[in-house]
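What follows is a set of notes on a single structure, which appears directly below.
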Amino acid sequence: MDTKAFKRSLHSSENYHRKGFGHEAEVTTQLESEYQSNLIQEIRNHNYRLQRGDVTIRLAEAFGFCWGVERAVAMAYETRQHFPNERIWVTNEIIHNPSVNQRLVDMNVGFIPVEQGEKNFSVVDSGDVVILPAFGASVQEMQLLNDKQCKIVDTTCPWVSKVWNTVEKHKKKDYTSIIHGKYKHEETIATSSFAGKYLIVLNIKEAEYVAEYILKGGDCNEFMAKFSRATSPEFDPDQDLERVGIANQTTMLKSETEQIGKLFERTMMKKYGPDQLNNHFHSFNTICDATQERQDAMLGLVEEKLDLMVVIGGFNSSNTTQLQQIAIDRGIPSYHIDSAERIGSGNRLEHKPLGGDLIVIENWLPAGEIVVGVTSGASTPDKVVEDVIEKIFELKGAVAVV
Ligand code: SF4
């Protein structure tokens with residue numbers, strides 16, 4: 006499919022909307038009352054620090070809702086106002102936050118059901134309104150919805166669209182896009198749908214394997230087994246790694262994306278010589294500012310003396326996991342939770358260790374004076390962070406007073 010031509014024609018369709026509907030003022034007030042927090046504002050005003058009793062909370066200096074997420078949620082609210090009687094669907098979670106998604110359900114916005122691992126779009130009728138979430142949707146999904154003559158409200162973050170444009174450029178020049186991301190993540194699925202040839206690498210270790218293959222060759226079957234779910238159809242590592250361009254899932258660890266970019270730059274330089282580099286390697290900066298700011302703030306925070314970290318965000322939120330990774334790399338006990346409900350009475354906590362399943366632990370808050378670092382992923386409203394902090398104060402017998 007000519008994805009570029011399709012996008013152009015979609016964007017000019019009267020059924021396609023990617024700007025709001027003029028209800029910003031009402032929606033802003035509604036969002037503020039539902040998701041903002043006086044306590045968090047107070048902590049911001051006091052240098053991101055709050056002490057009550059034995060507990061000092063240290064908030065990261067950048068955390069929580071990014072503008073791309075705020076924009077997507079606001080557009081979803083506006084869509085409900087603008088189409089009060091139509092059936093409205095979202096192709097996926099609007100953002101990776103359970104409370105925000107639940108709020109949409111309460112507003113009678115449906116999520117496309119997933120049956121045996123596949124989305125069932127048969128529930129959508131012509132004339133229904135379908136919202137594409139902040140991390141986008143695949144070109145095939147857009148085409149299907151367009152064919153069904155749905156009204157499409159596209160909240161895809163412009164940073165994500167920028168990556169799509171990058172892989173389109175690779176495709177035009179017959180470069181293979183090496184995408185630093187998670188092959189199952191919705192954003193990476195969407196990005197790869199706009200790419201020509203592509204290979205998705207999860208981390209520097211996988212990238213090193215590919216770089217080694219480029220330089221020395223290797224066992225093609227082993228390569229394909231390793232990346233069986235992470236390549237374009239009919240990918241051939243012996244043919245398709247002669248010209249590569251770098252792209253990324255916007256929420257991956259920034260330093261790792263940079264490392265991977267540099268690795269392939271060095272690899273192509275070694276293989277083809279510095280004068281041929283531009284014919285074999287392309288890289289554009291597609292790391293999103295918000296991800297970068299949150300990661301930088303976290304890197305600053307973990308330099309301080311913290312007894313533990315609480316990282317708040319949806320369990321399928323990639324940028325939250327990256328924040329958790331930073332704390333773990335520094336050897337700080339770090340707990341990833343998605344809401345205050347995970348904190349039970351009697352000093353019990355249900356949390357998700359990095360790469361593991363939910364577990365319950367006892368006595369997670371140490372006795373005596375403690376400093377608790379707190380951050381949250383780009384899909385987490387301040388209100389959720391406030392609830393977590395209040396629960397921690399409550400457990401330690403301190404009351405948060407604003
Ligand atoms: S994290 Fe970045 S790419 Fe993702 S929605 Fe926010 S601003 Fe956009």
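Using the numbering used here, you'd call the opening residue of the sequence shown number 6 and step up by one each time.
Yeah, the Cβ is synthetic: ideal placement off N, Cα and C, and Gly gets one too.
Length of the line joining the Cα atoms of T296 and L246: 29 Å
Other residues of its chain near G305: CB distance less than 8 Å, five sequence neighbours each side excluded: A65, E66
Check whether F11 and V144 have beta carbons under 8 Å apart: In this structure, F11 places its C-beta atom within 8 Å of the C-beta atom of V144.
Buried versus exposed, by CB contacts within 10 Å (16 or more), N97: buried
Cut-off 8 Å between Cβ atoms - residues of its own chain near Q154, not counting five sequence neighbours on either side: The beta carbon of Q154 sits closer than 8 Å to those of N20, S131, G132, all from its chain and outside the five residues before and after it, given in chain order.
Distance CB(C162)-CB(A139) smaller than 8 Å: yes
Closer than 7 Å: T291 CB and nearest the ligand SF4 heavy atom: No; taking the cut-off as 7 Å, the Cβ of T291 has no heavy atom of the ligand SF4 nearer than that.
Cβ neighbours of V168 in the same chain (closer than 6 Å, five flanking residues each side left out): Excluding sequence neighbours, V168 sits near T196, A252, T291.
Rounded Cβ spacing between K401 and G58 (contact assumed at less than 8 Å): Indeed, because the Cβ distance is near 6 Å, the residues count as touching under 8 Å.
beta-carbon G25 near the ligand SF4 non-hydrogen atom, thresh 7 Å: no
heavy atom of the ligand SF4 below 7 Å from A383 C-beta: yes
Proximity winner among I348, V307, S350, S14, relative to P4 (alpha-carbon distances): Because the chain here runs from 6 to 407, residue 4 falls outside it and cannot be looked at.
Start and end residues, beta strand (DSSP E) containing Y203: 203–206
W72 versus T160 - alpha carbon distance: 12 Å
Alpha-carbon spacing of D280 relative to W164, whole angstroms: 31 Å
Where the alpha helix (DSSP H) containing K396 begins and where it ends: 387–400
Neighbour-count burial assignment, T8, 16 or more Cβ in a 10 Å radius: buried
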